[in-house]
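Protein sequence lines, in the order shown, are assigned to chains A and B. Each residue of the first sequence is one higher than the last, beginning at 35 in my numbering. Each residue of the second sequence is one higher than the last, beginning at 35 in my numbering. A short write-up of the structure that comes next.
Number of protein chains: 2
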Amino acid sequence: MSGYSIDEVAERMGISKHALRYYEREGLLAPVAKGSNGHRRYSEDDLGWIRTLQLLRGTGMPIREMRDFVALAHAGEHTIPERLAVLAHYRDELLVRMAQDRERLEFLDRKLDYYRGMLEARDATPEDVARDASRPAASSR
Amino acid sequence: MSGYSIDEVAERMGISKHALRYYEREGLLAPVAKGSNGHRRYSEDDLGWIRTLQLLRGTGMPIREMRDFVALAHAGEHTIPERLAVLAHYRDELLVRMAQDRERLEFLDRKLDYYRGMLEARDATPEDVARDASRPAASSR
DNA sequence: CGTTGACTTCGAGCGCGCTCGAACTCCTAG
DNA sequence: CTAGGAGTTCGAGCGCGCTCGAAGTCAACG
Numbered sequence: 035m036s037g038y039s040i041d042e043v044a045e046r047m048g049i050s051k052h053a054l055r056y057y058e059r060e061g062l063l064a065p066v067a068k069g070s071n072g073h074r075r076y077s078e079d080d081l082g083w084i085r086t087l088q089l090l091r092g093t094g095m096p097i098r099e100m101r102d103f104v105a106l107a108h109a110g111e112h113t114i115p116e117r118l119a120v121l122a123h124y125r126d127e128l129l130v131r132m133a134q135d136r137e138r139l140e141f142l143d144r145k146l147d148y149y150r151g152m153l154e155a156r157d158a159t160p161e162d163v164a165r166d167a168s169r170p171a172a173s174s175r
Numbered sequence: 035m036s037g038y039s040i041d042e043v044a045e046r047m048g049i050s051k052h053a054l055r056y057y058e059r060e061g062l063l064a065p066v067a068k069g070s071n072g073h074r075r076y077s078e079d080d081l082g083w084i085r086t087l088q089l090l091r092g093t094g095m096p097i098r099e100m101r102d103f104v105a106l107a108h109a110g111e112h113t114i115p116e117r118l119a120v121l122a123h124y125r126d127e128l129l130v131r132m133a134q135d136r137e138r139l140e141f142l143d144r145k146l147d148y149y150r151g152m153l154e155a156r157d158a159t160p161e162d163v164a165r166d167a168s169r170p171a172a173s174s175r
């Protein structure tokens, strides 16, 4: 029997079975083929779409817009300019986020450095006036 | 009168007044000083925290955890190791997202290239059999 | 035959992060 | 004295993206 069961797909793609059915219900995924028992059989094409959807989600594209995008893709080649515009838009947004993330990383690194500096200072001053390292360590409070 | 009104802060920081009060309610912001009329007066310190909160939010830290973090910060220097651990954690997550974003960007760029190729092909084939570029340009459709 | 178990559909529910609006208090201007 | 406007508190509501669970169907097993 060709295709993958929903369980296999969920596992392989790292998405819940519930979410897979939800995506289909919402029109993000074209109706998946069903075996004679009524169970879904996902094709390679379906897997490709799922990957695409995951990528697009990651760029911040909302479900609603993904539905529209999928509809465009199914509507034929004359929708290519529009699809292009949509992707270009989310590419722009992605670039913005990437730039922000670089700032966020910088911020975190500065904070972390600062905290590490504080730690060093505290470690170096537990018994500040103990004057040189003559005494053996005593655990504090 | 010292400090900034909620309106000023909302505008300057790019956050809604509702959200500002919400943050305070949720303990993300220490209780903001109030003028004699009961209106909030945000200090420079408050602004600093707001910036920090926005940064942290951007890394994906949920509100609940931000509350905890703020509580730690107010609890004194002995919480520095814990704060450090929290920030390090979100730094890791941020790095993951940044790596994913690079893949997402690649994906989008490949798709965009592909679509642009399709467009060229379509533009070049309205009258495919027109054979070589002898005729002057005619605007299509 | 009955049980098990994996699937199906369907609608309801949830956690998050705000967002909104009603009802109230103050201050200021006319 | 009244009207307007900007702030306050409070609880309810919302949009999103799932997530869950009840109820049913079907195939295989012992």
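Ideal Cβ placement from N, Cα and C applies to all residues, glycine included. For clarity, every value in this text was computed on a predicted model and none was experimentally measured.
Original post:
How would you call V66(B), buried or exposed, if buried means at least 16 neighbouring beta carbons within 10 angstroms?
Top reply: Here residue 66(B) refers to the residue found at position 32 when the second sequence is read from its first residue. Classification for V66(B): buried.
**OP:** Compute the beta-carbon to beta-carbon distance between M47(B) and I97(B), rounded to the nearest angstrom, for a pair I have assumed lies under 8 Å.
**Re:** The sequence position of residue 47(B) within the second sequence is 13, counting from 1. The sequence position of residue 97(B) within the second sequence is 63, counting from 1. No, M47(B) and I97(B) are not in contact; Cβ-Cβ is about 17 Å, not under 8 Å.
Original post:
In chain A, which residues lie with their C-beta within 9 Å of the C-beta of L128(B)?
Top reply: Numbered from 1 along the second sequence, position 94 holds the residue referred to as residue 128(B). Residues of chain A passing the Cβ test: D135, R138, L139, L142.
Original post:
Based on the DSSP secondary-structure assignment, which residues constitute the bridge partners of Y76(A)?
Top reply: Position 42 of the first sequence holds residue 76(A). DSSP output for Y76(A) lists Y38(A) as bridge partner(s).
**OP:** Would you list the residues sitting across from R51(B) in a DSSP beta bridge?
**Re:** Here the question's residue 51(B) lines up with position 17 in the second sequence. Here residue 51(B) is Lys; the residue named in the question, Arg, does not match the sequence. Answer is none; K51(B) lacks a bridge partner.
Subject >> CB contact check: M152(B) to chain A, cutoff 8 Å >> reply: Indexing the second sequence from 1 puts residue 152(B) at position 118. With 8 Å as the cut-off, M152(B) counts as an interface residue toward chain A.
**OP:** Compare the C-beta of L106(A) against all C-beta atoms of chain B and say whether one is closer than 8 Å.
**Re:** The sequence position of residue 106(A) within the first sequence is 72, counting from 1. No, no contact with chain B.
Original post:
In chain order, which alpha helix (DSSP H) runs of at least 4 residues are fully inside the segment 88 to 159 of chain A?
Top reply: 97 to 109, 114 to 158
Subject >> Nearest-angstrom beta carbon gap, L87(B) and Y57(B) [assumed within contact, 8 Å] >> reply: In the second sequence, counting from the first residue as 1, residue 57(B) sits at position 23. In the second sequence, counting from the first residue as 1, residue 87(B) sits at position 53. Between L87(B) and Y57(B) the Cβ distance is about 7 Å, and since that is below 8 Å, they are a contact.
Original post:
Using the beta-carbon of each residue, which ones in chain B are nearer than 9 Å to P96(A)?
Top reply: Here residue 96(A) refers to the residue found at position 62 of the first sequence. Chain B residues near P96(A): none, gap ~15 Å exceeds 9 Å.
Subject >> Cβ shell of G69(B) (< 7 Å), same chain only, five flanking positions each side left out >> reply: Translated into positions along the second sequence, residue 69(B) becomes position 35. Contacts found: M35, R75.
Original post:
Apart from the five residues just before and just after L106(B), which ones in its own chain have a Cβ nearer than 8 Å to its Cβ?
Top reply: Locating residue 106(B) in the second sequence gives position 72, where the first residue counts as 1. Within the same chain, L106(B) has close Cβ partners T113, E116, R117, V120.
Original post:
Do we get a CB-CB distance below 8 Å when we pair R75(B) with the residues of chain A?
Top reply: Translated into the one-based positions of the second sequence, residue 75(B) becomes position 41. Not an interface residue.
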